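Numbering (the working numbering), first residue to last: 46 to 271. Backbone N, C-alpha and C fix where the C-beta goes; we use that ideal spot for every residue, glycine too. Keep in mind that this is a model prediction, so the values were computed, not measured.
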């Protein structure tokens, strides 16, 4: 298998005198793997995802994604790299309320310079797959929480990323919508998309993840199958 993520001795401290958010984390994820990350609040789960995405800079160690040292890239190069290789699903959707559902989904392709007709076709294909094609011309405020999360997932998949990062994707939706998100992520994982998922939801970790990493006090431990 080809390594897609490689972290070596990664540390992150937000305050010099405070406890580290990450403390010497080593992690390797192969292309096509699905990895769930669990742990109590404040254990470093979201920081781990943000460091891999280049949204946070580590204070020590090395971070490689798709063979690129993302911790060494400039902000401009990072933005280009994320656009080409990484899709991110946030807990609170981060949709633009003044744009329609379709335009929210198309946005990453527009930023990447894709042809408008191609981008629109890709967006409609994703909205159809995620069961919300009928909402394409609506605005996010008119959608349920579960529908908004599906729009966010479609947007994350827009540029056909090698890696999908999901930070508590069921944390802001009801139980019925959470079950739908679990099914979607399971399908994407089964299709071979590399997935790194942060969650408090053991059902989601079990459904979408084939490996389990536990975070505590900035340290990462992999669960060993019985």
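>> Buried or exposed for residue 52, going by 16 or more other Cβ atoms inside 10 Å?
In response: Along the chain shown, read from residue 1 onward, the residue named residue 52 stands at position 7. Buried: at least 16 other Cβ atoms inside 10 Å.
>> If you reduce the DSSP assignment to three classes, tell me which class residue 67 lands in.
In response: Counting from one through the chain shown, the residue named residue 67 turns up at place 22. In the structure shown, residue 67 sits in a strand (DSSP, three-state: E or B).
>> Assuming the contact rule is C-beta atoms closer than 8 angstroms, residue 54 and residue 77 should be a hit. Round their C-beta distance to whole Å, please.
In response: Counting from 1 along the chain shown, the entry for residue 54 is found at position 9. Counting from 1 along the chain shown, the entry for residue 77 is found at position 32. 25 angstroms between Cβ atoms; not a contact.
> Does the distance from the C-beta atom of residue 191 to that of residue 80 stay below 8 angstroms?
Replying inline: Reading the chain shown from its first residue, position 146 is the one you call residue 191. Reading the chain shown from its first residue, position 35 is the one you call residue 80. Not a contact, by the Cβ cut-off of 8 angstroms.
>> Am I right that residue 230 and residue 214 are in contact with their C-beta atoms under 8 angstroms? What's the rounded C-beta distance?
In response: Within the chain shown, the letter at position 185 stands for residue 230. Within the chain shown, the letter at position 169 stands for residue 214. Right, the Cβ-Cβ distance comes to about 7 angstroms (below 8 angstroms), so this counts as a contact.
> Nearest-angstrom Cα distance between residue 112 and residue 49?
Replying inline: Residue mapping note: residue 112 aligns to position 67 of the chain shown, counting from 1. Residue mapping note: residue 49 aligns to position 4 of the chain shown, counting from 1. In a straight line, the C-alpha of residue 112 is about 7 angstroms away from that of residue 49.
> Closest by CA to residue 252, which one among 241, 227, 259, 262?
Replying inline: Walking along the chain shown from the start, residue 252 turns up at place 207. Answer by Cα proximity: 227.
> Can residue 151 and residue 165 be called in contact, C-beta distance under 8 angstroms?
Replying inline: Against the chain shown, residue 151 aligns to sequence position 106. Against the chain shown, residue 165 aligns to sequence position 120. Contact: yes.
>> Taking 7 angstroms as the limit between beta carbons, can you name the residues of its chain near residue 89, skipping five residues before and five after?
In response: As a first step, residue 89 must be located in the chain shown, where it is residue number 44. The beta carbon of residue 89 lies closer than 7 angstroms to those of 66, 67, 260, 263 in the same chain, with the five residues before and after it left out.
> When the Cα atoms are used, what is the spatial distance from residue 172 to residue 104?
Replying inline: Mapped onto the chain shown, residue 172 falls at position 127. Mapped onto the chain shown, residue 104 falls at position 59. Going by the C-alpha atoms only, they are around 39 angstroms apart.
>> According to DSSP, residue 212 sits in a beta bridge with which residue or residues?
In response: What you label residue 212 is simply residue 167 of the chain shown in a count that begins at 1. Note: residue 212 sits in a beta bridge opposite 243.
> With contact counted as at least three CB pairs below 8 angstroms, one residue from each stretch, are the region 125-134 and the region 188-206 in contact?
Replying inline: Short answer: they touch.
>> Could you tell me the alpha carbon to alpha carbon distance between residue 125 and residue 157, rounded to whole angstroms?
In response: Walking along the chain shown from the start, residue 125 turns up at place 80. Walking along the chain shown from the start, residue 157 turns up at place 112. Residue 125 and residue 157: Cα-Cα distance of roughly 8 angstroms.
> Terminal residues of the continuous beta strand (DSSP E) containing residue 57?
Replying inline: Indexing the chain shown from 1 puts residue 57 at position 12. First-last of the beta strand (DSSP E) with residue 57: 48-57.
>> I believe residue 219 touches residue 186 by the beta-carbon criterion, under 8 angstroms. Please report the beta-carbon distance rounded to the nearest angstrom.
In response: Locating residue 219 in the chain shown gives position 174, where the first residue counts as 1. Locating residue 186 in the chain shown gives position 141, where the first residue counts as 1. In fact, because the Cβ distance is near 17 angstroms, the residues do not count as touching under 8 angstroms.
> Can the beta-carbon of residue 134 be found less than 8 angstroms from the beta-carbon of residue 177?
Replying inline: One-based indexing of the chain shown puts residue 134 at position 89. One-based indexing of the chain shown puts residue 177 at position 132. Not in contact: residue 134 and residue 177 (Cβ atoms no closer than 8 angstroms).
> What separation, rounded to the nearest whole angstrom, lies between the Cα atoms of residue 137 and residue 82?
Replying inline: Stepping through the chain shown from its first residue, residue 137 is reached at position 92. Stepping through the chain shown from its first residue, residue 82 is reached at position 37. Cα-Cα distance, rounded: 18 angstroms.
> In three-state DSSP terms, what is residue 271?
Replying inline: Taking the first residue of the chain shown as position 1, residue 271 is located at position 226. Unreliable positioning characterises residue 271 in this predicted model, as indicated by a pLDDT of 42, which lies under 50. The coordinate reading is nonetheless provided below. Three-state result, residue 271: coil.
> Using the rule of at least 16 other Cβ atoms within 10 Å of the residue's Cβ for burial, across every protein chain shown, is residue 182 buried or exposed?
Replying inline: Residue numbering aside, residue 182 sits at position 137 when the chain shown is read from its first letter. So residue 182 ends up on the exposed side.
> Assuming residue 106 contacts residue 61 under a Cβ cut-off of 8 angstroms, what Cβ separation, rounded to an integer in Å, is found between them?
Replying inline: The residue labelled residue 106 in the question sits at position 61 within the chain shown. The residue labelled residue 61 in the question sits at position 16 within the chain shown. The Cβ separation is near 17 angstroms, so there is no contact.
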